[in-house]
Amino acid sequence: MAKLDLIDCANNLVKVVRTCPQCGKEQSLQVNYEEYQNWRDGMLIQRAFKSLTAGQREILMTGICEPCWDAMFNFEEDEIYVDETPRTDPF
Ligand SMILES: [Zn+2]
2 MAKLDLIDCA
12 NNLVKVVRTC
22 PQCGKEQSLQ
32 VNYEEYQNWR
42 DGMLIQRAFK
52 SLTAGQREIL
62 MTGICEPCWD
72 AMFNFEEDEI
82 YVDETPRTDP
92 F
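Those letters in the sequence shown? Residues 2 to 92, per my numbering, in order.
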């Protein structure tokens, strides 16, 4: 079951805590309450949270932390290189 995000009305902030499904590490993030509400109402995350990095948006959506995300991304890149066949030009 997903944890509820903690809304701090006094400071107009939402504290989001996510557990990374890859490494199990917990990470927290503070976001603007209005931006958070926009996102919850269905706005694209890139539009709703203009000030967040792609990694921080990923934490909000999936909980995957930046090191794990980087590792997954690099792995996919590596696979592309493995598929590349060596050139055997006769020159
Ligand atoms: Zn992780």
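Glycine included, each C-beta is placed from N, C-alpha and C at the ideal position.
Starting from residue i, trace the alpha helix (DSSP H) both ways and give me its first and last residue.
{"i": "residue 48", "result": "46-49"}
{"i": "residue 8", "result": "Segment 7-9 is the beta strand (DSSP E) holding residue 8; no alpha helix (DSSP H) there."}
{"i": "residue 63", "result": "55-63"}
Using 8 Å for Cβ pairs, my map puts residue i next to residue j. What's the rounded Cβ distance?
{"i": "residue 60", "j": "residue 14", "result": "With 8 Å as the limit, residue 60 and residue 14 do not qualify as a contact, their Cβ atoms being about 16 Å apart."}
{"i": "residue 58", "j": "residue 50", "result": "6 Å"}
{"i": "residue 6", "j": "residue 17", "result": "5 Å"}
Beta strand (DSSP E) containing residue i: first to last residue?
{"i": "residue 30", "result": "27-33"}
Does the beta-carbon of residue i, which I'm using as the reference point, lie nearer than 7 Å to any heavy atom of ligand 2?
{"i": "residue 23", "result": "Ligands present in the displayed structure are limited to ligand 1, and ligand 2 is not among them."}
Please classify residue i: does DSSP put it in a helix, a strand, or coil?
{"i": "residue 14", "result": "strand"}
{"i": "residue 88", "result": "coil"}
Is the beta carbon of residue i within less than 7 Å of some heavy atom of ligand 1?
{"i": "residue 26", "result": "yes"}
{"i": "residue 65", "result": "yes"}
{"i": "residue 68", "result": "yes"}
Count Cβ pairs between the region 15-23 and the region 62-71 that sit closer than 8 Å; are there 3 or more? yes
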